[in-house]
Amino acid sequence: MSKRIFLIDGQSFYASVEKAAHPEYCDKPVAVGDPARMNGIVLAACPIAKSRGVTTASRVGEALAKCPELIVIRPRMRTYIQISLLITEIFESYTDLVEPFSIDEQFLDVTGSQAYFGSPYEMAKRIQNHVLLSTGVWTRVGIGPTKVLAKMATDNYAKKMPEGIFELSFGNLEPTLWKLPVHQMFMVASAMTRHFTRMGLSCIGDIARLELPEFKRRMRQEMGKQSDIQAEYYWQTARGIDPSPVVSGIRHQLKSVSHGKALRWKLYQRLQDIEIVLLELVVEVCRRTRRHHFLGSVVAVSAAETDGTRSSSFSRQITLPEPTALTHEVASAVQNLFKKYWGGLPVSRLTVSLAQLTDDSMIQLTLFDNRSRAYDKERAIDSIKDRYGSDAIIHASSLMEAGVARERAGQIGGHYK
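If you want our numbering, it's the position in the sequence shown, counting the first as 1, plus 3.
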């Protein structure tokens with residue numbers, strides 16, 4: 004039996020949550036962002052605000068210039084997470100196969116639920132009304148026999164229709180999906196669009212109608228011999244082929260732990276200031292690694308540099324002598340990597356990651372360092388932070404002007420809780 008999979012998306016999710024919390028703003032343009040920072044970005048804008056030129060990821064100041072009556076509300080990430088979890092519980096009352104894709108998008112496999120809740124369209128309407136009455140968030144539902152078709156049904160059709168529901172099936176791809184520009188295919192961004200355009204493939208159907216060997220040949224000419232895997236992926240996506248099932252819960256074992264921070268580059272021109280942030284990132288990476296009971300063997304540092312005119316970036320990694328989750332060991336490797344590859348321009352973004360994770364049930368001891376005692380100390384600090392907050396104990400350097408740890412302690416994902 005053909006599967007029936009939904010991809011359900013919350014319309015302007017953050018803004019919808021805020022409008023539900025503030026009925027007085029029902030007919031007014033609302034955006035979520037920091038009203039105190041004109042240079043900050045708009046995280047979400049309601050349909051009324053979008054109709055007046057406000058776009059997601061635009062600057063708050065730019066949005067107010069386009070729409071002076073815009074109401075800008077500071078984000079509340081903890082609330083959005085709670086509403087997202089509530090919506091998950093609603094979905095789970097229709098099927099036990101619910102897989103979160105992002106905070107406002109989730110896959111549902113409703114194949115086995117049709118006998119109880121009716122046709123996919125009837126079930127989609129029922130879920131829409133259930134979520135709207137419970138949270139005030141209007142949802143759009145893409146329906147398909149595979150996850151990739153459900154996703155493209157939502158993004159390209161359901162979001163643009165008043166009823167917010169659209170189904171893509173293998174039988175209607177040619178008159179629908181295949182007519183769309185290639186940049187509207189899932190996982191095709193601007194760089195890949197340019198490759199396809201140079202290959203003469205302007206529509207999704209141009210890819211889907213090719214035989215796979217011919218598409219691979221063209222991809223090799225454009226992108227080199229290593230492009231066969233990419234070619235097969237895009238060819239299958241254009242045809243709606245996706246064997247991956249909807250899996251509830253965490254799908255894969257953790258492969259790496261990373262932490263990044265966007266910075267105001269004018270404030271991070273000196274090495275001593277940059278090293279403060281690097282240490283703060285290492286502290287969080289190691290803490291999260293220990294929380295999951297892992298050690299890491301590979302440390303990586305990524306940085307974006309700019310002076311407002313020139314820009315560059317780098318990402319480098321190094322294998323450690325022993326797997327670790329100790330702050331001082333990871334910090335030493337991170338600082339050495341950064342100093343070796345930093346080009347000297349002010350830094351606008353830093354990311355630190357720890358990969359090749361292994362179980363921490365066995366710790367390699369060394370001749371000169373008491374690593375066991377060091378782990379006991381860091382785990383004691385972790386327990387204090389878990390109980391009293393991540394800023395309960397911080398390095399003294401984080402109290403300096405360049406430090407961001409105390410600010411981050413009041414945020415989730417870089418935004419206010």
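Just so it is clear, CB atoms sit at the ideal spot from N, CA and C, and this is done for glycine as well. For clarity, every value in this text was computed on a predicted model and none was experimentally measured.
| field | 6 Å CB neighbourhood of THR138 in its chain, flanking five on each side removed | value | ILE86
| said: ALA328 and GLY299 - do their beta-carbons sit closer together than 8 Å? | reply: yes
| query | Applying the criterion that 16 or more other CB atoms from any shown protein chain within 10 Å of the CB defines a buried residue, is GLY227 buried or exposed? | reply | When all chains shown are included, GLY227 counts as exposed.
| field | Beta-carbon proximity list for VAL260, same chain, < 6 Å, skipping 5 on both sides | value | VAL288, ARG291, THR292, LEU357
| said: For VAL423, which residues in the same chain have their Cβ closer than 6 Å to its Cβ, ignoring the five residues on either side in sequence? | reply: The displayed coordinates of the chain run from 4 to 420. Any statement about residue 423 would go beyond what the structure contains.
| field | In chain order, each beta strand (DSSP E) run of at least 3 residues that lies wholly inside the region 166-193 | value | 168-170
| Residue ranges of each alpha helix (DSSP H) run of no fewer than 4 residues wholly in the region 322-359, ordered along the chain? | The DSSP assignment places complete alpha helix (DSSP H) segments of no fewer than 4 residues inside the region 322-359 at 330-344, in order along the chain.
| query | Count the other CB atoms within 10 Å of the CB of PHE371; is the residue buried (16 or more) or exposed (fewer)? | reply | exposed
| Length of the line joining the Cα atoms of ARG62 and ILE232 | So the alpha carbons of these two residues sit roughly 38 Å apart.
| query | Is the beta carbon of ALA118 sitting closer than 8 Å to the one on PHE9? | reply | no
| Unbroken alpha helix (DSSP H) run spanning ILE90, endpoints | 80-95
| query | Does DSSP classify ARG242 as helix, strand or coil? | reply | In the structure shown, the three-state DSSP call for ARG242 is coil.
| request: Spatial neighbours of ILE84 within its chain, please: CB distance less than 6 Å, with the 5 preceding and 5 following residues excluded, ordered by chain position. | output: Nothing listed; no residue qualifies.
| Exposure label - ARG242; buried when at least 16 CB within 10 Å | When all chains shown are included, ARG242 counts as buried.
| request: Whole angstroms is fine: what's the gap from GLU235's alpha carbon to ILE244's? | output: About 10 Å.
| Buried/exposed call for ASN159, threshold 16 Cβ in 10 Å | buried
| query | Where do the N-terminal and C-terminal ends of the beta strand (DSSP E) with HIS262 fall, by residue? | reply | Residues 259-265.
| request: Kindly list the residues whose CB is nearer than 7 Å to the CB of THR309, restricted to its own chain and excluding five residues on each side of it in sequence; keep chain order. | output: TRP268, LEU348, PRO349, SER351
| request: Taking GLY263 and LEU353 to be in contact with their CB atoms under 8 Å, please state how far apart those CB atoms are, rounded to whole angstroms. | output: 6 Å
| DSSP three-state assignment for GLU404, whether helix, strand or coil | coil
| With GLU471 and ILE76 assumed to form a contact (beta carbons below 8 Å), what rounded beta-carbon distance in angstroms separates them? | Past the edges of the chain, shown from 4 to 420, lies residue 471, and the structure says nothing about it.
| query | So the beta strand (DSSP E) LEU298 belongs to, where does it begin and stop? | reply | 297-309
| query | Exposed or buried, which one is THR149 when buried takes at least 16 other CB atoms within 10 Å? | reply | buried
| said: I'd like the list of long-range same chain contacts for VAL286, defined as Cβ closer than 6 Å, with 5 residues on each side in sequence excluded. | reply: THR330
| request: Please report how far the alpha carbon of SER5 lies from the alpha carbon of TYR97, in whole angstroms. | output: 18 Å
| field | Neighbour-count burial assignment, CYS29, 16 or more Cβ in a 10 Å radius | value | Burial call: exposed.
| message | Quick check on PRO32: buried or exposed, where buried means 16 or more other Cβ atoms within 10 Å of its Cβ? | response | buried
| CA nearest to the CA of THR200, picked from PRO178, ARG212, GLU225, LYS182 | Measuring from the Cα of THR200, the nearest candidate turns out to be GLU225.
| Would you report the Cα separation of ILE421 and ARG409, rounded to the nearest angstrom? | Summary: the structure shown does not reach residue 421, with the chain confined to residues 4 through 420, and so no result is reported for it.
| query | Between PRO326 and TRP238, what straight-line distance do the alpha-carbon atoms span, to the nearest angstrom? | reply | 40 Å
| request: Taking ASP12 as part of the beta strand (DSSP E), name the residues at either end of that continuous run. | output: 8-13
| task | Take the Cβ of ASP99 as the centre, count every other Cβ of all protein chains shown within 10 Å, and call the residue buried at 16 or more, exposed below. | result | exposed
| Going by the beta-carbon positions, is the gap between PRO246 and GLU170 smaller than 8 Å? | no
| query | Within this structure, are the beta carbons of SER314 and GLU102 separated by less than 8 Å? | reply | no
| Quick one: what's got a C-beta closer than 6 Å to LEU213's C-beta in the same chain, skipping five residues either side? | none
| Taking C-alpha atoms, which residue in LEU257, LYS388, ALA405 lies nearest to THR361? | LEU257
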